[in-house]
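Colleague: Following this message is one structure expressed as structure tokens.
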Amino acid sequence: MPNIAVLIPMKTPSRAKSRLSGLFSVSQRGALVKNMLRRVLLAARGSSAQSVTVVGGGVNVRRIASKYFAEWTASLGNDLNADLMDSIKARESEGFSTIYLPGDLPFVQPIDIDTVIDASRQGTRLVLVPSSSDGGTSCMLIPSRYGFTTLLGHDSFNRHLKAARDMELESTVITPLGVSVDLDTEEDLIRCEELEPGFRARLAAPIIEMGESDA
0 MPNIAVLIPM KTPSRAKSRL SGLFSVSQRG ALVKNMLRRV LLAARGSSAQ SVTVVGGGVN
60 VRRIASKYFA EWTASLGNDL NADLMDSIKA RESEGFSTIY LPGDLPFVQP IDIDTVIDAS
120 RQGTRLVLVP SSSDGGTSCM LIPSRYGFTT LLGHDSFNRH LKAARDMELE STVITPLGVS
180 VDLDTEEDLI RCEELEPGFR ARLAAPIIEM GESDA
């Protein structure tokens, strides 16, 4: 079994999911982000990955990470790729292959993450999971020896594929449902509600831990 580290980059909850501002208040969006992170952390901790780290997101995200026995590291928060690459390089120096796992995958399960790990052939093959809705990358396993740079942002899935071809890297594309469905837009929310009736009400409801606010 390869050494695998899951990395979950986060924004400050109150500043995230701005494209849902027509449906949710700032506090509701903050609750949505934190509740999805809880689901992602449960899945990551239940997978066969040896390490789980949340990157950025502020003090309340740090508290959530600690509650779910995940590590946390600060980030500048200005550039997702730069913050993620700093964490990838740190884990690679410790001998880990890394999985980029967004914090907004409401249906991810441990088996989905293990499917990604299995597809990497003992951590030797790049694995890409496309977003089901917007051309993005919903999950990515990067073998430690590859020196691969993340290109998250617009059309990132195709750009990651092209980068892998240009570097002549072995890669695999898979589409497990739990790591394909993310939540950024109103259309995504409609699909989430179809997959889990009552999703909107449950995930936007605050679950306030001691010392935690909506920030």
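In case it helps, numbering that gives the first Met the number 0 puts the sequence shown at residues 0 to 214.
We treat Cβ as the ideally placed atom computed from N, Cα and C, and that holds for glycine.
Quick caveat: nothing in here was measured; it's all calculated off a predicted structure.
#1: Measuring alpha carbon to alpha carbon, tell me which of 170, 146, 145 ends up nearest residue 156.
#2: What would DSSP say about residue 209, mapped onto helix, strand or coil?
#3: What did DSSP end up calling residue 12 once you bin it into helix, strand or coil?
#4: Comparing C-alpha positions only, which one of 5, 7, 34 sits nearest to residue 200?
#5: So, with DSSP's three-state summary, where would you put residue 129?
#6: Rounded to whole angstroms, how far is the Cβ of residue 8 from the Cβ of residue 83, which I believe are closer than 8 Å?
#7: With a threshold of 16 other CB atoms inside 10 Å of the CB of residue 187, please say whether the residue is buried or exposed.
#8: If we call anything under 8 Å between Cβ atoms a contact, is residue 143 one with residue 94?
#9: CA-CA distance, residue 189 and residue 183?
#10: Can you look up residue 54 in the DSSP assignment and give me helix, strand or coil?
#11: Using the C-alpha atoms, what's the distance from residue 103 back to residue 133?
#12: What does residue 4 pair with, by DSSP beta-bridge criteria?
Modeller: The structure says:
#1: Here residue 156 is taken as the residue at index 157 of the sequence shown, counted from 1. Selection 170, 146, 145 evaluated against residue 156 yields 170 as nearest (Cα-Cα).
#2: Position 210 of the sequence shown, counting from 1, holds the residue named residue 209. Residue placement at residue 209 is poorly supported in this model, since its pLDDT is 36, which falls under 50; the coordinates still yield a value, given next. Coil at residue 209, not helix or strand.
#3: Here residue 12 refers to the residue found at position 13 when the sequence shown is read from its first residue. Residue 12: helix per DSSP, three-state reduction.
#4: Walking along the sequence shown from the start, residue 200 turns up at place 201. For the residues 5, 7, 34, the minimum Cα distance to residue 200 belongs to 34.
#5: If you number the sequence shown from 1, residue 129 lands on position 130. Residue 129: strand per DSSP, three-state reduction.
#6: Locating residue 8 in the sequence shown gives position 9, where the first residue counts as 1. Locating residue 83 in the sequence shown gives position 84, where the first residue counts as 1. Confirmed, about 5 Å.
#7: To locate residue 187, count along the sequence shown from 1; it is residue 188. Counting Cβ neighbours within 10 Å, residue 187 comes out buried, since at least 16 surround it.
#8: For the purposes of this step, residue 143 is taken as the residue at position 144 of the sequence shown. For the purposes of this step, residue 94 is taken as the residue at position 95 of the sequence shown. Taking 8 Å as the cut-off, the beta carbon of residue 143 is found closer than this to the beta carbon of residue 94.
#9: Within the sequence shown, residue 189 is the residue found at index 190, counting from 1. Within the sequence shown, residue 183 is the residue found at index 184, counting from 1. One C-alpha to the other measures close to 11 Å.
#10: Here the question's residue 54 lines up with position 55 in the sequence shown. Correct three-state label for residue 54: strand.
#11: The sequence position of residue 133 within the sequence shown is 134, counting from 1. The sequence position of residue 103 within the sequence shown is 104, counting from 1. Straight through space, the alpha carbons of residue 103 and residue 133 are spaced by roughly 14 Å.
#12: Counting from 1 along the sequence shown, the entry for residue 4 is found at position 5. Within the DSSP bridge table, the entry for residue 4 names 50, 97 as partners.
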